[in-house]
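Step one of this worksheet: look at the structure below.
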Amino acid sequence: MEGLKPVILMVLLQILYAALNVLYKLAIFDGMSMRVASAYRLIFASAFTLPLALFFDRNNPPRITSKVLFMECLCGFFGGSLFLNLYFAALSLLPATFMLAINNLAPAVTFVMAIIFRLEKLNLGSAAGKAKVLGTVTGITGAMVLSFFRGVEIDIWSTHIDLLHRNHPPPHGEYANKLLGLTYAIASCCSFSLWLNIQGKMNGKEYPRHHTGTALMSTMGAIQATVFALCVDRDWTQWRLGWNIRLLTVAYAGIVASGIVIIITAWCIKVRGPLFASIFNPLQLLLVAIVASLILNENLYLGSVVGGVVIVIGLYTVLWGKSKEIEEKQRMDELMNNNKGSQVVDVDVVVRSPQIDDHQSEQHNNI
Numbered sequence: 325m326e327g328l329k330p331v332i333l334m335v336l337l338q339i340l341y342a343a344l345n346v347l348y349k350l351a352i353f354d355g356m357s358m359r360v361a362s363a364y365r366l367i368f369a370s371a372f373t374l375p376l377a378l379f380f381d382r383n384n385p386p387r388i389t390s391k392v393l394f395m396e397c398l399c400g401f402f403g404g405s406l407f408l409n410l411y412f413a414a415l416s417l418l419p420a421t422f423m424l425a426i427n428n429l430a431p432a433v434t435f436v437m438a439i440i441f442r443l444e445k446l447n448l449g450s451a452a453g454k455a456k457v458l459g460t461v462t463g464i465t466g467a468m469v470l471s472f473f474r475g476v477e478i479d480i481w482s483t484h485i486d487l488l489h490r491n492h493p494p495p496h497g498e499y500a501n502k503l504l505g506l507t508y509a510i511a512s513c514c515s516f517s518l519w520l521n522i523q524g525k526m527n528g529k530e531y532p533r534h535h536t537g538t539a540l541m542s543t544m545g546a547i548q549a550t551v552f553a554l555c556v557d558r559d560w561t562q563w564r565l566g567w568n569i570r571l572l573t574v575a576y577a578g579i580v581a582s583g584i585v586i587i588i589t590a591w592c593i594k595v596r597g598p599l600f601a602s603i604f605n606p607l608q609l610l611l612v613a614i615v616a617s618l619i620l621n622e623n624l625y626l627g628s629v630v631g632g633v634v635i636v637i638g639l640y641t642v643l644w645g646k647s648k649e650i651e652e653k654q655r656m657d658e659l660m661n662n663n664k665g666s667q668v669v670d671v672d673v674v675v676r677s678p679q680i681d682d683h684q685s686e687q688h689n690n691i
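325 is the number of the first residue of the sequence shown in our numbering; add one for each residue after it.
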């Protein structure tokens, strides 16, 4: 049972994320400004993570330099304010299932950016390098199928339940809006991937304190998103939260998605590794597709299904290549450590041999 705990937790996290996307759609159709929603989410996240950082790092307070603050500011921008605003803009124009399918391109986009910034090498001579390139191309192909091929409607079930209460055709029904939404979706995916590369450097060398780093990122993102929303949305009624779907959405997003989920994910990564956490992402796509068709009256089309499946295949191909690369790196590190151990033994023998010879010479002279 102990070995199943990470699996159960990761499945639970995908359910929580799927619920979050449904809440986002409800808040959007309730008329809430997504810029205000982004600001409130990061404000709630900051209020939740700051006390956790103070508690977990109380015995050994981390040193915060100007460089750390600058990099956390970048993390808050690309992984917080910019990403959320682009994500919400896309979600207001696209079906939730379509949006999540595009999000599964993140590992492939992250790989391309890592090559551009020379954080990874394009090693086509190895199976791992070929797999990552093939997975990236496959994912992009799936995104193109998803975007430009509709196909026939797949009517598996019909509950006639629509919590959005549409009194007019959905905004993602128009081609121009869909194209604009696709642009926002790809831009949000690129922003998220750029944050992953910066965050990887932060966790590895610059600032390995997870709780404090998350709190700083949320705080920086909250400041940026709030300033942006105040400049654009000057209607104060948008900022008023009552006991309604708007309060539920931003509180759930900030506390659960940006707080509890991150902590649980960090624990699962620590126990099973980052690749283990990544393989559960397509489950969220399946859950949202089911829920959206049941209670949001979003139709499924053959193009969406085929494109989503191709993207998931590309995702797992990239992850397989990455896992092989990690295994090869670990094997090389072990080999180097063994070679160093052998060299130390050889040096000891060389150093001690003259001492033994000198001692034997002294005994011979005494005789």
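Glycine included, C-beta positions come from ideal geometry on N, C-alpha and C.
In this text, all values refer to a predicted model and were calculated from it rather than measured experimentally.
| Item | Value |
| --- | --- |
| Euclidean distance between Cα positions of Phe380 and Asn623 | 46 Å |
| Touching by the beta-carbon criterion (3+ pairs, under 8 Å), the segment 446 to 466 and the segment 630 to 638 | yes |
| Backbone secondary structure at Leu429 - three-state DSSP | coil |
| Rounded straight-line distance, which links the Cα of Ile586 to that of Cys399 | 15 Å |
| Exposure label - Ile332; buried when at least 16 CB within 10 Å | exposed |
| Cβ neighbours of Cys514 in the same chain (closer than 8 Å, five flanking residues each side left out) | Val433 and Met437 |
| Residue span of the alpha helix (DSSP H) that contains Ser617, given as start and end | Asn605 to Ile619 |
| Own chain partners of Ser512 with C-beta closer than 7 Å, once the 5 adjacent residues on each side are dropped | Phe407, Leu410, Tyr411 and Ala414 |
| Inter-residue spacing [alpha-carbon to alpha-carbon] between Leu518 and Pro431 | 11 Å |
| Val392 versus Leu571, Ala539 and Ala616, residue with shortest Cα-Cα distance | Ala539 |
| Residue environment, Glu649, which counts as buried when at least 16 other CB atoms sit within 10 Å | buried |
| Secondary structure, alpha helix (DSSP H): runs of 4+ residues fully inside the segment 370 to 427 | 390 to 400, 406 to 415 and 420 to 427 |
| Exposure of Ala420, with buried meaning 16 or more beta-carbon neighbours within 10 Å | buried |
| Segment limits, alpha helix (DSSP H) that includes Tyr576 | No alpha helix (DSSP H) contains Tyr576, which DSSP labels as neither H nor E. |
| Cα-Cα separation between Met660 and Glu652, rounded to whole angstroms | 12 Å |
| C-alpha distance - Val580 paired with Leu340, whole-angstrom precision | 8 Å |
| Element boundaries [alpha helix (DSSP H), containing Arg558] | Run containing Arg558: none; DSSP gives neither H nor E here. |
| Per-residue DSSP class, three states only, for Val669 | Caution is warranted here: a pLDDT of 48 is assigned to Val669, below 50, making its placement in the model unreliable, and the coordinate value is therefore given only provisionally. Three-state result, Val669: helix. |
| Where Leu265 sits in the DSSP three-state scheme | One cannot answer for residue 265 here, as it falls past the ends of the chain, which runs 325 to 691. |
| Identity of the residues DSSP links to Tyr625 by a beta bridge | Glu477 |
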